[in-house]
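*Asks:* Handing you a structure now.
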Amino acid sequence: PECQTLFFNKGAVISVKPNTEIGVHLGGVINGSNGIIEHAGYLVVEGDFTNNHIIKNIGTSTIKVQRDFTNNQMFIPGNSWVNLYGGTETISGADTIFFHDLEITGTDVKYLTSNVIVMNKLQLNNLEMSTGEHSLTVSNSDVGAITRTDGFVSSIGDGALYRTTNVGQNYLFPVGSSIQPPRYRPI
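199 is the number that my numbering gives to position 15 of the sequence shown; each next residue is one higher, with no gaps.
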């Protein structure tokens with residue numbers, strides 16, 4: 185059967201109900217400049233994900249993106265889980281991007297070209313999250329808010345990994361570099 189290669193919302197209000205699964209195979213999702221998506225389901229995008237207006241995640245929605253995640257307007261995370269699962273991917277946008285849970289999987293480095301705030305849990309697994317000169321903030325003060333196997337966060341210049349902390353707790357700052365020679369230097 186044939187599939188759509190692009191899901192393009194030109195200005196409608198689209199509601200994705202709980203327990204609804206949407207797959208956009210071999211293409212991307214573009215929420216246009218007047219589009220509103222109210223998302224409470226499970227969305228898999230085998231391409232780029234671009235928001236140019238409003239995406240409101242309701243409940244425990246899921247968004248899996250195989251290529252780049254771009255937010256140019258309002259991405260309301262709710263209790264959503266976003267998973268970047270492809271090769272080299274970029275998180276970009278016009279302003280700071282908020283995620284509830286962010287997980288990186290796949291095969292290569294994930295890059296930030298905007299500041300990112302993760303409000304609950306950051307899962308690095310075995311990959312590098314390169315902030316470049318941007319910041320990656322985990323605002324949940326739980327000690328286990330960042331998980332990893334071999335993954336780490338790298339930065340250059342003014343780029344940084346920030347965490348909200350509580351007095352008397354020991355926190356992991358999994359930082360390193362893949363520039364030769366590669367190194368992992370947790371704080």
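Think of the CB as a built atom: it goes at the ideal place given N, C-alpha and C, for glycine as much as any other residue.
Fair warning: this is a prediction, and the values are worked out from it, not measured in the lab.
Going straight from the alpha carbon of Pro185 to that of His209, what length do you get?
*Replies:* Position 1 of the sequence shown holds residue 185. Position 25 of the sequence shown holds residue 209. Caution is warranted here: a pLDDT of 42 is assigned to Pro185, below 50, making its placement in the model unreliable, and the coordinate value is therefore given only provisionally. Computed Cα separation, rounded: 12 Å.
*Asks:* Among residues of its own chain, excluding the 5 on either side of Tyr226, which ones have a beta-carbon nearer than 6 Å to its beta-carbon?
*Replies:* Counting from 1 along the sequence shown, the entry for residue 226 is found at position 42. Taken in chain order, the residues that qualify are Glu205 and Thr246.
*Asks:* Could you check the C-alpha separation between Ile371 and Gly352 for me, to the nearest Å?
*Replies:* What you label residue 371 is simply residue 187 of the sequence shown in a count that begins at 1. What you label residue 352 is simply residue 168 of the sequence shown in a count that begins at 1. Answer to the nearest angstrom: the Cα atoms are 16 Å apart.
*Asks:* Note down, in chain order, each residue of its chain lying with its Cβ closer than 7 Å to the Cβ of Glu317, except the 5 sequence neighbours on either side.
*Replies:* By one-based count along the sequence shown, residue 317 stands at place 133. These residues qualify, in order along the chain: Ile340, Gly341, Asp342 and Gly343.
*Asks:* When we look at the beta-carbon of Pro366 and count the other beta-carbons within 10 Å, is it buried (16 or more) or exposed?
*Replies:* By one-based count along the sequence shown, residue 366 stands at place 182. Exposed, because fewer than 16 other Cβ atoms sit within 10 Å of the Cβ of Pro366.
*Asks:* Taking only runs of the beta strand (DSSP E) that begin and end inside the stretch 266-300, which ones reach a length of at least 3 residues, in chain order?
*Replies:* If we require 3 residues or more, the beta strand (DSSP E) runs fully inside the stretch 266-300 come out as 273-277, 281-288 and 294-296.
*Asks:* So who's on the other strand from Lys194, going by DSSP bridges?
*Replies:* On the sequence shown, residue 194 is found 10 positions in, with the first residue counted as 1. Answer is none; Lys194 lacks a bridge partner.
*Asks:* May I have the straight-line CA-CA distance separating Leu356 from Asn267, to the nearest angstrom?
*Replies:* Taking the first residue of the sequence shown as 1, we reach residue 356 at position 172. Taking the first residue of the sequence shown as 1, we reach residue 267 at position 83. Leu356 and Asn267: Cα-Cα distance of roughly 22 Å.
*Asks:* Using the C-alpha atoms, what's the distance from Thr348 back to Lys305?
*Replies:* The residue labelled residue 305 in the question sits at position 121 within the sequence shown. The residue labelled residue 348 in the question sits at position 164 within the sequence shown. The alpha-carbon atoms of Lys305 and Thr348 are separated by roughly 12 Å.
*Asks:* Would you decide whether Gly243 is buried or exposed? Buried here means 16 or more other CB atoms lie within 10 Å of its CB.
*Replies:* Position 59 of the sequence shown, counting from 1, holds the residue named residue 243. With fewer than 16 other Cβ atoms within 10 Å, it is exposed.
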